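What follows is a short report on a single structure.
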C-alpha cells in the first residue's frame with residue numbers, strides 16, 4: 002500500500018530539496034495538506050516566480066530581477082573596490098554590515114579538485130574581463146570562505162589579478178568577535194597570531 | 002538591503018513549514034533557483050494538488066482522494082476489527098506490516114490539556130457513531146502512541162467504548178525487537194516486565 006498519489010508526489014518533491022529525507026518529507030507533505038489553501042497557493046506561486054523571475058546578473062553574477070542588478074546599476078557606489086565572494090548570500094552578508102559601498106563579483110562556487118570544479122565552472126572569465134574593461138577598480142578584496150577550497154581559490158585569483166597592477170587583499174582571519182580563546186580551533190588561533198596588530 | 006522580492010517571498014513560504022528556520026529557508030530558496038525548471042513546476046503542482054485533491058475520509062478520517070477511502074470501500078477486509086490511531090501516517094505503518102486486514106479510525110491528534118485539545122477536537126464522535134451503526138465490529142484496538150497523552154486518550158476511549166460490550170485492546174508495550182536492554186528506558190523496561198509471557 003502507498004499513500005494517495007498526490008501526497009506521494011509531494012513527498013517526492015520535498016525529498017529533492019537538500020537535507021530533507023523521506024521521513025521529513027512525509028511530515029512536511031502531511032503538514033501541507035493541513036495548511037491554509039491560501040498559504041499553499043502562495044508557496045506554489047513563490048516557487049514558480051523564484052525560478053521564472055530571478056537570474057544571475059550578467060556583470061557580477063549576483064541574483065537579481067533586473068538586468069544588470071541593482072548594485073551594478075547604482076553609479077553612486079564606490080567604483081574602485083570590488084569584493085569577490087562565493088555565493089549571492091555572501092553579498093547579502095556584506096550589505097547587512099552596511100559599511101562597504103563598492104562593487105561585488107559572485108563566483109558561484111570555489112575551485113575543488115575533489116568535486117571537479119575547475120576555473121571554467123566558476124564566474125572567473127567575466128571577473129577578469131570586468132577588471133580589464135573597468136579601469137577604475139583599484140582594489141579586489143578576496144572574500145572566499147576560510148576553507149581549504151576558499152583559500153586555494155583566493156590564491157589562484159590573486160595570481161591572475163596581481164599582474165594587472167591591481168591591489169589584491171584578503172579578509173582578515175582570526176578570532177570571532179565575542180568568542181572564547183579556549184574554544185578556538187588551532188588554525189584560527191594560528192591565523193589570529195599571524196595577523197596580530199600593535200595596540 | 003533585501004534579497005529580490007521573489008526570493009524573499011519564497012524564503013517566507015519555506016519558513017512556514019515546521020522545523021525550517023530563516024537560515025535553512027534561505028538555503029532552500031537559493032537551491033530552488035538553481036533547480037531544473039521542470040522540477041520546480043512539478044513541486045508547485047504537487048503542492049496545489051495535495052491541497053486540492055486530498056481530504057480526510059468521512060468514515061475513518063484517513064487521508065484519501067476517494068470518498069470513502071480505499072480501505073473503507075474494500076468489503077473484503079475484516080469488518081470485525083478496528084484499529085484507532087492518531088495520524089494517517091500510523092495507518093500506513095500498519096498497512097506496511099501486512100498482517101492486519103481490518104478497519105481503521107484516525108483521531109487526528111490526542112487529548113492534551115496543555116495544548117487545549119479536547120474530545121471535541123478529535124475524530125471521536127464519528128468513532129462512536131461508527132461503532133453503534135456498524136455492529137460487526139467486535140474488537141477495537143487502541144493504537145495511540147505510548148506517550149502520556151496517547152495513554153490518556155486510550156484510557157478515555159476505552160471507558161467510552163467498553164459499555165457497548167465491544168472488546169477493547171491496547172497494543173503491547175515492551176522492548177523493541179533488536180534493542181538492547183542496557184539502553185531501554187525505565188518505563189519501557191517496566192512495561193516489558195508487566196507484559197512478560199510464559200515461554
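Chains as they are written, first to last, in our numbering: chain A, 2 to 200; chain B, 2 to 200. Ideal Cβ placement from N, Cα and C applies to all residues, glycine included. In this text the structure is predicted, and so the values were computed from the model without any measurement.
Collapsed DSSP secondary structure at residue i in the structure displayed
i	result
residue 38 of chain A	helix
residue 86 of chain A	strand
residue 101 of chain A	coil
residue 140 of chain A	strand
residue 107 of chain A	strand
residue 32 of chain B	helix
residue 77 of chain A	coil
residue 189 of chain A	helix
residue 72 of chain A	helix
residue 113 of chain A	strand
residue 118 of chain B	strand
residue 64 of chain A	strand
residue 184 of chain A	helix
Chain-ordered neighbours of residue i on chain A, where CB pairs are closer than 7 Å
i	result
residue 17 of chain B	40
residue 27 of chain B	90
residue 11 of chain B	47, 48 and 51
Chain-ordered chain A contacts of residue i [CB-CB under 9 Å]
i	result
residue 148 of chain B	Neighbours of residue 148 of chain B on chain A: none; closest Cβ ~17 Å, over 9 Å.
Opening and closing residue of the alpha helix (DSSP H) in which residue i lies
i	result
residue 17 of chain B	Here residue 17 of chain B belongs to no alpha helix (DSSP H), and DSSP marks it neither H nor E.
residue 134 of chain B	126-134
residue 162 of chain A	149-162
residue 123 of chain B	Run containing residue 123 of chain B: none; DSSP gives neither H nor E here.
Distance CB(residue i)-CB(residue j) smaller than 8 Å
i	j	result
residue 144 of chain B	residue 79 of chain B	no
residue 30 of chain B	residue 11 of chain B	yes
residue 45 of chain B	residue 45 of chain A	yes
residue 120 of chain B	residue 107 of chain B	no
residue 111 of chain B	residue 62 of chain B	no
residue 141 of chain A	residue 85 of chain A	yes
residue 109 of chain B	residue 123 of chain B	yes
residue 114 of chain A	residue 55 of chain B	no
residue 8 of chain A	residue 64 of chain B	yes
residue 132 of chain A	residue 103 of chain A	no
residue 176 of chain A	residue 193 of chain A	yes
residue 71 of chain B	residue 59 of chain B	no
Neighbour list for residue i in chain A, Cβ cutoff strictly below 8 Å
i	result
residue 66 of chain B	5, 6 and 7
Amino acids of chain B, ordered along the chain, whose beta-carbon sits closer than 8 Å to that of residue i
i	result
residue 14 of chain A	40, 43, 44, 47 and 48
residue 104 of chain A	Simply none; closest approach about 14 Å.
residue 55 of chain A	5, 7, 8 and 34
Within chain B, partners of residue i - CB distance below 9 Å
i	result
residue 120 of chain A	Those do not exist, as residue 120 of chain A stays about 20 Å from chain B at its closest Cβ, beyond 9 Å.
Contacts that residue i makes with chain B (C-beta to C-beta distance below 7 Å)
i	result
residue 33 of chain A	48, 51 and 52
residue 30 of chain A	51
Element boundaries [beta strand (DSSP E), containing residue i]
i	result
residue 170 of chain B	168-171
beta-carbon residue i near the ligand ADP non-hydrogen atom, thresh 7 Å
i	result
residue 118 of chain B	By its list of ligands, the structure shown contains no ligand whatsoever, and the ligand ADP lies outside what it can speak to.
Across the segment 127-137 of chain B and the segment 168-177 of chain B, are there enough close Cβ pairs to call them in contact, namely three or more that are closer than 8 Å? no
At a cut of 8 Å, does the segment 43-59 of chain B reach the segment 71-87 of chain A through at least three beta carbon pairs? no
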